[in-house]
Each structure stands twice: as C-alpha cells, then as structure tokens.
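The structure appears below as structure tokens.
Written out as structure tokens, the structure is:
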C-alpha cells in the first residue's frame, strides 16, 4: 500500500479493525507514523473467563491477523494515542445496559469494541453514526476476506472506505 500523508491513511487517523481468526475480534487502531500505530482491544487468554484491556504498538498492514480496516475518525490536533489509551482503559469489562438485550451478561471483545466506539464518539473523536452498520460492515468484509485469503496468497487486509456509518 502506498504511504499517504493525507486522506484515508493519514497520520493520527483512527480505524476500526477486524482481526482473524474471529471476525468479531474488533479493535480500535490509531495510526501514528508509517504503518505502525497503537492497537486497543479487550481479550482473554485461551478463552478463559478473565478479560483484560490491552494497548500495544501494532503494524496493522503487516499483521497476519488483520482482515479488514476502515477509517472512523481523526485525532484532534495535539491528541495522541496515549490520550486514547486513557479514555479506553476505563471501559468496564462488563456488558453495558444499552447492550444487555443483545448480549445479556456475556462480555466479549465485541461488547468492548462497541463501548469503545461509543466513548470515542462522545469525546468527539469519531464520526460513527450507526454502530450496528459499522459492526455488520466489518463482519461481512472480514468474513469475505477470510474466505478469499484461503483461496489466494495473502495480500494484506481489506481497506474499507468510510460510508454510511460515518459523517
């Protein structure tokens, strides 16, 4: 992929990322320089019940687990990935009331992702207006890419253009 200093792959951009092997392993990624940035997500080791929040440097385009990426925002001037970390590390690893009808008490990385998107939207960092559509678009694209990757040599993640779920 070409490096761009502006547009979809601009520095300080905020992305949502679907990761393999689970299309529902959704991450928030802030690109800082070149292809690297900081990945924010909730995970559990070996599918234990113990979930934890994690932020770490990540090369999204060279990651073997990255399946689909879409830009969902841009950091305001002066804001860094550390500022995002401070916002996201406070998200409780429980199902929020707004998601209880769908998830009941079953916390997953998808529950965390949805809470993270809401928190970043409230902080005016993201322009996501339809969280359900964003989630479904990532799931559909990631599922298609996973299938396609089995049929051909891996060429990197699918880069999705922002559309109906952003403003």
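Residue numbers (the working numbering): 1038 to 1204. Don't be surprised by glycine CBs; every beta carbon is placed ideally from N, CA and C.
Which residue comes first and which comes last in the beta strand (DSSP E) that contains residue 1161?
Counting along the chain, residue 1161 falls outside any beta strand (DSSP E), and DSSP gives it neither H nor E.
I'd like the span of the beta strand (DSSP E) that includes residue 1096, first residue to last.
1088-1096
What does DSSP give as the partner residues of residue 1080 in its beta bridges?
1089
Report the three-state DSSP secondary structure of residue 1131 (helix, strand or coil).
coil
When burial is assigned at 16 or more other CB atoms within 10 Å of the CB, is residue 1127 buried or exposed?
exposed
Coarse secondary structure for residue 1075, derived from DSSP in three states
Residue 1075 falls in the strand class under three-state DSSP.
Excluding sequence positions up to five away, which residues of its chain have a Cβ less than 7 Å from the Cβ of residue 1131?
1144
Using only the alpha-carbon positions, how far apart do residue 1101 and residue 1074 sit?
16 Å
Take every Cβ of the region 1115-1125, pair it with every Cβ of the region 1155-1169, and state whether three or more of those distances are shorter than 8 Å.
Touching, yes, given that three or more Cβ pairs across the two stretches are closer than 8 Å.
On the DSSP letters alone, give me the boundaries of the beta strand (DSSP E) that residue 1123 sits inside.
Careful: residue 1123 lies outside any beta strand (DSSP E), inside the alpha helix (DSSP H) at 1118-1125.
Checking 7 Å against the spacing of the C-beta atoms, do residue 1064 and residue 1054 come in under that value?
Contact flag set, yes.
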